[in-house]
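Here the structure is laid out as structure tokens; the discussion comes afterwards.
Chains as they are written, first to last, in my numbering: chain A, 177 to 730; chain B, 463 to 676.
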């Protein structure tokens with residue numbers, strides 16, 4: 177505890193190579209995992225669970241891309257195709273993207289970042305994982321018994337009246353998954369409010385914490401609206417409750433309002449944690465303090481708040497009032513402001529930084545580029561007149577995949593590589609990591625950039641056949657998807673390999689300043705030997721000193 | 463005090479105060495999610511009351527004010543009992559706590575019983591949609607929609623009352639075993655939940671029963 181601006185000081189610093197007495201060794205066997213209340217182990221349980229759903233949803237995507245290689249609908253029937261895009265959407269949104277960063281990385285690092293021993297409600301935390309597994313079981317049951325063909329949006333009256341598939345069990349699965357999300361959200365909010373280490377003031381919190389705090393607010397306030405909406409949809413399907421039924425004077429559009437009141441904020445549930453991860457990565461790998469810390473933190477909150485007032489931009493062609501459309505369009509443009517603040521501040525952080533291109537940084541840089549494209553095309557679809565042209569086309573598909581896959585999945589992969597040594601105590605192989613990051617970037621762009629063109633040319637989404645003139649771009653997209661698949665398979669292989677063979681990481685392989693790096697890798701059961709005392713802001717990097725260090729070493 | 467307190471502090475917390483304030487904040491956030499959960503249905507009610515105001519007013523007059531009014535009083539009184547129970551828990555009066563919790567649960571059961579009789583009356587008067595629903599006059603479909611919303615809202619509320627009764631009975635059981643002598647927080651946060659259920663009814667009563675009164 178000297179006077180130099182050392183980022184954070186802990187009472188005990190570890191210098192040993194591989195902490196032998198850690199959360200992984202503190203209990204053995206299946207039971208010690210299934211009954212654990214340790215936030216770190218629960219994070220790993222979630223990692224395995226969402227991996228299963230990611231793989232199933234990815235197979236559905238692969239089948240769609242194979243079908244779209246040829247203009248004719250020759251591999252699957254249109255009905256099967258409907259079920260494929262539904263299962264892809266439902267599983268990717270609710271069983272992979274929404275839980276991904278919060279439940280895996282959030283669970284693992286939030287308590288460590290704030291110097292706590294665990295989350296505020298550890299047993300509820302485990303319960304939320306069991307709920308998630310139960311929800312996944314319901315979803316898989318629906319899938320095995322014939323699937324659902326409504327699309328992930330469950331629009332009425334198709335879902336309530338006409339769909340002849342397992343709508344209710346799938347909706348029940350999403351309802352339960354929502355409950356799990358809510359519990360996670362409550363846990364994170366209370367943990368961040370009440371469990372911070374001494375000296376850890378709000379504006380000393382890492383930006384990842386700000387991002388997950390904003391995410392949790394959306395989780396607890398938006399998810400219940402989805403729950404009641406899907407419940408009403410289900411009882412209407414079961415018994416004919418007429419709230420969305422024009423026969424009784426109900427309004428199917430009300431379903432869309434309620435659905436998007438949740439599902440637009442849900443987009444920010446999916447991207448905000450990614451932004452939080454990127455803030456950590458950019459600052460660490462350019463050895464510089466984040467430019468405009470308070471702005472980046474507050475922009476997360478601004479995005480969360482604005483996210484609640486833009487849902488109508490999904491309904492420009494739904495017959496909602498043109499004035500509502502104009503207001504929603506304007507409000508949607510406003511989201512670009514905090515998003516822009518983030519992108520500019522990350523870029524400014526890079527400026528004159530001492531940048532190293534390790535794997536997490538490659539993902540982070542990829543994120544900035546892809547998120548920018550996704551965000552700017554978001555402005556296109558938020559423009560009333562343009563949206564009428566591109567609504568329900570591949571332009572929209574490409575736009576939100578740039579945010580969800582180019583943004584969130586890149587950030588998730590970057591974060592996973594960044595914290596992998598903390599989670600497992602071992603490093604992944606850097607060469608293969610960089611290779612996979614670059615393959616992912618190339619494969620992603622090849623998959624989704626042609627879809628902007630397809631959509632602009634007028635190819636509608638959700639069709640299994642299309643006119644021959646669209647074939648070339650579709651083949652490009654499918655080829656890109658196969659490259660993207662390689663980009664995702666590689667980490668799966670080398671992560672597993674690194675568990676036994678990876679180089680021992682040591683407590684802080686990135687020389688990062690966050691509290692989570694001031695303890696062993698893997699961390700001890702209660703994270704720290706004693707409660708850390710925080711004396712400074714989280715990113716006390718010094719690019720100048722680092723450059724001198726490089727020079728001295730050279 | 464501290465020596466006693468550490469015995470009930472969970473390992474992730476530093477002291478009992480931190481544990482208490484965390485539990486309370488957690489419950490308040492949960493109640494916020496509940497508000498949003500009911501909010502979807504209240505929105506549906508508002509939209510259709512605005513669209514079909516006249517029919518909704520007519521349909522509302524078919525609901526029994528006496529049942530609704532008595533139930534409002536029953537639930538408000540149970541909330542008072544719950545508040546007294548929290549006080550008893552704070553003061554460590556075990557016997558009084560058990561008695562007050564049981565009384566609260568009893569009034570919850572009374573509410574559900576009255577509600578059941580009311581539902582039966584609705585059924586006899588052909589006010590239950592899909593079950594031989596009858597409506598004299600125009601706009602029968604819209605009236606049916608009102609009763610769907612009535613049953614959805616009161617049904618969802620009844621589910622919450624039932625959960626509350628179960629929780630309070632569990633609390634009473636634990637209280638009689640002396641569980642809350644050092645940590646009364648479970649009683650307090652269950653109380654918060656019970657008051658929330660009460661407040662939902664305070665909104666439901668005028669919206670559903672009094673909408674037709676001039």
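Quick reminder that beta carbons are idealized off the backbone N, C-alpha and C, glycines included.
In this text the structure is predicted, and so the values were computed from the model without any measurement.
query, result
"Residue burial classification, residue 204 (chain A) (beta-carbon count within 10 angstroms, cutoff 16)", "exposed"
"heavy atom of the ligand NAP below 7 angstroms from residue 371 (chain A) C-beta", "As for the ligand NAP, it is missing from this structure, which has no ligand bound."
"Cβ-based contacts, 8 angstroms cut-off: residues of the region 393–409 of chain A near chain C", "This model lacks chain C altogether, as its protein chains are A and B."
"Contact with chain B by residue 413 (chain A), beta-carbon distance below 8 angstroms", "no"
"Chain B contacts from the region 613–629 of chain A (Cβ-Cβ distance under 8 angstroms)", "none"
"Distance CB(residue 633 (chain A))-CB(residue 656 (chain A)) smaller than 8 angstroms", "no"
"Assigned secondary structure, residue 709 (chain A) (DSSP; H/G/I helix, E/B strand, else coil)", "strand"
"Beta-bridge partners of residue 602 (chain A), as assigned by DSSP", "A:680"
"Assigned secondary structure, residue 360 (chain A) (DSSP; H/G/I helix, E/B strand, else coil)", "helix"
"Segment contact, 8 angstroms Cβ cut-off, at least three pairs: the region 706–713 of chain A with the region 597–610 of chain B", "no"
"Neighbour flag for residue 593 (chain B) against chain A, beta carbons, 8 angstroms", "no"
"Close beta carbons around residue 626 (chain A), own chain, < 7 angstroms, minus the five adjacent residues each side", "649, 652 and 653"
"Residue 214 (chain A), buried or exposed, once every other Cβ within 10 Å from all chains shown has been counted against 16", "buried"
"Residues, ordered as in the chain, of the region 636–652 of chain B that lie near chain A by beta-carbon distance below 7 angstroms", "none"
"Selected residue, minimal CA-CA separation from residue 560 (chain A), among A:500, A:612 and A:604", "A:500"
"Residues near residue 492 (chain A) in its chain [Cβ-Cβ closer than 7 angstroms; skip 5 each side]", "501, 560, 563, 564 and 567"
"Any 3 or more C-beta pairs closer than 8 angstroms across the region 298–308 of chain A and the region 227–245 of chain A", "no"
"Min CB distance residue 187 (chain A) to chain B below 8 angstroms", "With a pLDDT of 39 at residue 187 (chain A), under the threshold of 50, the modelled position of this residue cannot be trusted, and the question is left open."
"CB contact check: residue 531 (chain B) to chain A, cutoff 8 angstroms", "no"
"Unbroken stretches of the alpha helix (DSSP H), 4 residues or longer, contained in the region 198–235 of chain A", "205–210"
"Stretch-stretch touch, CB-based, cutoff 8 angstroms, three pairs: the region 355–368 of chain A with the region 389–407 of chain A", "yes"
"Per DSSP, cross-strand counterpart(s) of residue 636 (chain A)", "A:569"
"Continuous alpha helix (DSSP H) assignments of at least 4 residues falling wholly in the region 496–558 of chain A", "498–526 and 535–558"
"Neighbour list for residue 358 (chain A) in chain B, Cβ cutoff strictly below 7 angstroms", "495"
"Where the region 580–592 of chain B meets chain A: residues whose CB sits under 9 angstroms from a CB there", "591 and 592"
"Environment of residue 248 (chain A) [buried if 16+ CB atoms lie within 10 Å]", "exposed"
"Below-8 angstroms beta-carbon distance, residue 710 (chain A) vs any chain B residue", "no"
"Anticipated Cβ contact below 8 angstroms, residue 627 (chain B) with residue 674 (chain B), distance rounded", "That belief does not hold up - the Cβ atoms of residue 627 (chain B) and residue 674 (chain B) are roughly 31 angstroms apart, past 8 angstroms."
"For residue 476 (chain A) and residue 595 (chain A), believed in contact at Cβ under 8 angstroms, the rounded distance", "Between residue 476 (chain A) and residue 595 (chain A) the Cβ distance is about 19 angstroms, and since that is not below 8 angstroms, they are no contact."
"Below-8 angstroms beta-carbon distance, residue 626 (chain B) vs any chain A residue", "no"
"Closest Cα partner of residue 600 (chain B) within the set B:537, B:474, B:483 and B:520", "B:520"
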